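In what follows, a structure is listed as structure tokens, so that the remarks can point back to it.
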């Protein structure tokens, strides 16, 4: 989409040279009212015990979050979960991803054919077997709740097109933004901790090096699969469509 993203310079902690990655340092609830922009996808992994709205159940099924509509609750089954040291209970190996849209009246994007290709020609289910974060993802530092690039890559590929804007109001170490750029999407994120803003900036600067970028893509199975298909090279080196991020 050809949305333009305007931002006051004093609000941007970091903007990539191609203007496909913008990071705002601040509190998301304070900063978001300044936005005059429609993002194509929002990924949010807020701090625990943070509440703003509610989850509704119907016949035991999650059906809405803060008046939005739940499309799926995806189970992320980790292929390499942390070891259960106590050996006194089952090893914790799953997390859940809620996929929702704002309203039943608003159409949602689902790249069915892409997901099918990533699942050996079969329909993608709501159980995803993907690895937990690897050491190779911590080259610029550690974040206590960092999510793996493989997970964010699949989410972004499922719900957006090239050039779309992805927003993360709790950006953390910037995984959502890195995954977005690897998939040729544009990104804007908000993070309040300077330590993690600097970590994010370092991670984004890393992928300006084409060798490092290629190595990251090679670690992500979904990108290897799509990159190997000559009919649709989603990840060539041509620039992502231009645009400036969404502040007024």
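In the numbering used here, the protein residues as written are 25 to 272. Note that beta-carbon positions come from the ideal geometry of N, C-alpha and C, so glycine has one too. Quantities reported herein were computed from a predicted structural model and do not represent experimental measurements.
- With contact defined as three or more Cβ pairs closer than 8 Å, the stretch 205 to 217 and the stretch 41 to 60 are in contact.
- For residue 181, the closest alpha carbon among the candidates 245, 238, 39 and 164 is that of 245.
- In the three-state scheme derived from DSSP, where H, G and I count as helix and E and B as strand, residue 55 is classed as helix.
- When the Cα atoms are used, residue 128 and residue 95 turn out to be separated by approximately 10 Å.
- Taking C-beta separations shorter than 6 Å and ignoring five residues to either side along the sequence, the partners of residue 171 in its chain run 199, following chain order.
- When 225, 99 and 230 are compared, the shortest CA-CA separation from residue 149 is found for 99.
- In the DSSP assignment, residue 130 falls outside any alpha helix (DSSP H) and carries neither an H nor an E.
- Check the Cα spacing between residue 178 and each of 54, 204 and 211: the tightest is with 204.
- Rounded to whole angstroms, the separation of the alpha carbons of residue 225 and residue 37 is 9 Å.
- The Cβ-Cβ distance between residue 61 and residue 211 does not fall below 7 Å.
- DSSP places residue 220 within a helical segment (H, G or I) once states are collapsed to three.
- Only buried fits residue 193, as 16 or more other CB atoms lie within 10 angstroms of its CB.
- Comparing C-alpha distances from residue 130 to each of 65, 70 and 142 shows the shortest one belongs to 65.
- DSSP, read as helix, strand or coil, puts residue 161 in helix.
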